[in-house]
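Protein chains in written order, with full-length UniProt numbering: chain A, 1 to 179; chain B, 1 to 179.
Some notes on the structure that comes next.
There are 2 protein chains.
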Amino acid sequence: MGNPKQKWTSEEEEALRAGVAKHGTGKWKDIQRDPEFNPFLSSRSNIDLKDKWRNMSVSAGGQGPREKSRSSKAKANPDTPTTTPSSVQTSVAASVAHDTAADPNVDDSTKSLTDGKNASSYNAMIFEALSTLNEPNGLDTSKIVSFIEQRHEVPQNFRRLLSTRLRRLVTQDKLEKVV
Amino acid sequence: MGNPKQKWTSEEEEALRAGVAKHGTGKWKDIQRDPEFNPFLSSRSNIDLKDKWRNMSVSAGGQGPREKSRSSKAKANPDTPTTTPSSVQTSVAASVAHDTAADPNVDDSTKSLTDGKNASSYNAMIFEALSTLNEPNGLDTSKIVSFIEQRHEVPQNFRRLLSTRLRRLVTQDKLEKVV
DNA sequence: CGCTAGGGTTAGGGTTCC
DNA sequence: TGGAACCCTAACCCTAGC
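Spelled out as structure tokens, the structure:
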């Protein structure tokens, strides 16, 4: 693309700082239009100004490494009960982490590379479903089944097989049942 | 000012849909006032309703039923600061749950049945690696790369592509960086 | 004035480039 | 890998017109 990526010059940054000082943050269009700064910012959009200000703020004052959690519970969440009762859900949480201690011995013993239809490659399909249609609250069994059926060959008793796998993963802490 | 931006919850959306079904579009104030929906929409103005309906219509009619939603997961976040100078690791935690709101419209529509090489099917491979060689502390990038390379075709710049995906998943709370 | 329809702008998450 | 520049779009604002 013809996108050489336009780096910001110090004049532009200066103009932006002055503009914010005059109009306040959030008034990007006003700043961009202001004849006092426009000569320096003519090639920048109001959105560019906003983005640049965000970057400047981060690198400048942002020194609070901690405090990263999203929380923001400020939202009043009435959370009405009895909202359309439907099906039971499952959620997943695979957690894995590698430890620094290298352990040479392979214990997996997973059968082999035969990633055909059977084996724990079903796990992969499950995660594929969960990560592809990535719903905030997870997928119930039915949704997982239909997703997988659409793109893989599956045995006839698949649904049963799947729920077994799901339960297994949950006990292994790789999935998290959500409701 | 104290307006961190209020994202719409599914309850609110549902109430809005029901309100429109009952009063018709354009009757925003009526919907907002209706005691049947007001409990869900008390923090929204009639104008908010109108704007939201516009957004919903756009995304519904178009093509991208993209619905991300943030939703904060109360996941315990140990977050160890700068420890173990050795190698960095990654771990994963996918969490999904299905939401109760039933939506009649078929939303699967995920195009790509071509689950070939590209696309977010990489996510599936990542989870496959993590769940197959299921290490107590997760896998570092290199291990994931070699696992995947052994059983799938991958582009040459795969390692880079992978780390991008990993970062993405982490920000989505589907993976957890373990260190 | 109250309310709605639309166009305009901002906020913030996500993505790409280097 | 990480940060700076850029993109996307939900959420919010402004205003004409009824």
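Just so you know, even glycine gets a beta-carbon here, dropped at the ideal spot from N, CA and C.
| query | result |
| --- | --- |
| For E36(B), three-class secondary structure by DSSP | coil |
| Counted within 10 angstroms of its Cβ, other Cβ atoms place E12(A) as buried (16 or more) or exposed | buried |
| CB contact check: I47(B) to chain A, cutoff 9 angstroms | no |
| For V178(B) and G138(B), believed in contact at Cβ under 8 angstroms, the rounded distance | 5 angstroms |
| Rounded separation between G19(A) and D140(B) - CA only | 45 angstroms |
| L130(A) at chain B interface by Cβ criterion, 9 angstroms | yes |
| M56(A) at chain B interface by Cβ criterion, 9 angstroms | no |
| Own chain partners of F37(B) with C-beta closer than 7 angstroms, once the 5 adjacent residues on each side are dropped | A15, A18, G19 and I31 |
| Per-residue contacts from A21(A) into chain B (C-beta, under 8 angstroms) | Within chain B, no residue comes near A21(A); the closest Cβ sits about 18 angstroms away, beyond 8 angstroms. |
| Environment of I47(A) [buried if 16+ CB atoms lie within 10 Å] | exposed |
| Listed by chain order, chain A residues near F158(B) by CB distance under 9 angstroms | The premise fails here: F158(B) is roughly 17 angstroms from chain A at the closest Cβ pair, so nothing lies under 9 angstroms. |
| Where A15(A) meets chain B, residues with beta-carbon distance less than 9 angstroms | Simply none; closest approach about 25 angstroms. |
| Beta-carbon spacing of W53(B), T25(B) below 9 angstroms | yes |
| Straight-line gap, K174(A) to K143(B) (C-alpha atoms, nearest Å) | 19 angstroms |
| Residue burial classification, A21(B) (beta-carbon count within 10 angstroms, cutoff 16) | exposed |
| Rounded straight-line distance, which links the Cα of R33(A) to that of H23(A) | 11 angstroms |
| 8 angstroms Cβ cut-off: residues of chain B touching N123(A) | F127, E128, S131 and T132 |
| Neighbour list for K50(A) in chain B, Cβ cutoff strictly below 9 angstroms | The contacting residues do not exist; K50(A) stays about 14 angstroms from chain B at best. |
| Unbroken alpha helix (DSSP H) run spanning E149(B), endpoints | T141 to R151 |
| Alpha helix (DSSP H) segment containing V58(A), residue limits | N46 to A60 |
| Chain B within 9 angstroms of W169(A), Cβ atoms only | In the sequence on display, residue 169(A) carries Leu and not Trp. Answer yes: the Cβ-Cβ gap between L169(A) and chain B drops below 9 angstroms somewhere. |
| Rounded Cβ spacing between A129(A) and F147(A) (contact assumed at less than 8 angstroms) | 4 angstroms |
| Coil, strand or helix - E135(B) by DSSP | coil |
| Backbone CA spacing between E149(B) and N123(B) [nearest angstrom] | 14 angstroms |
| Within 9 angstroms, strictly: CB atoms of T132(A) and S121(B) | yes |
| Boundaries of the alpha helix (DSSP H) in which L161(A) is found, first to last residue | F158 to T171 |
| Buried or exposed by the 16-neighbour rule on C-beta atoms within 10 Å, applied to N3(A) | exposed |
| Endpoints, the alpha helix (DSSP H) within which V20(B) is located | S10 to H23 |
| Chain B within 9 angstroms of K7(A), Cβ atoms only | no |
| L175(A) - DSSP class collapsed to helix/strand/coil | coil |
| Whole-Å CB distance - F127(A) paired with F40(B), under 8 angstroms assumed | About 34 angstroms separates the two Cβ atoms, so there is no contact after all. |
| Counted within 10 angstroms of its Cβ, other Cβ atoms place N134(B) as buried (16 or more) or exposed | buried |
| E176(B) burial status per 10 Å Cβ neighbour count (16 or more: buried) | buried |
| Exposure label - R167(B); buried when at least 16 CB within 10 Å | exposed |
| Cα-Cα separation between K7(A) and S43(A), rounded to whole angstroms | 11 angstroms |
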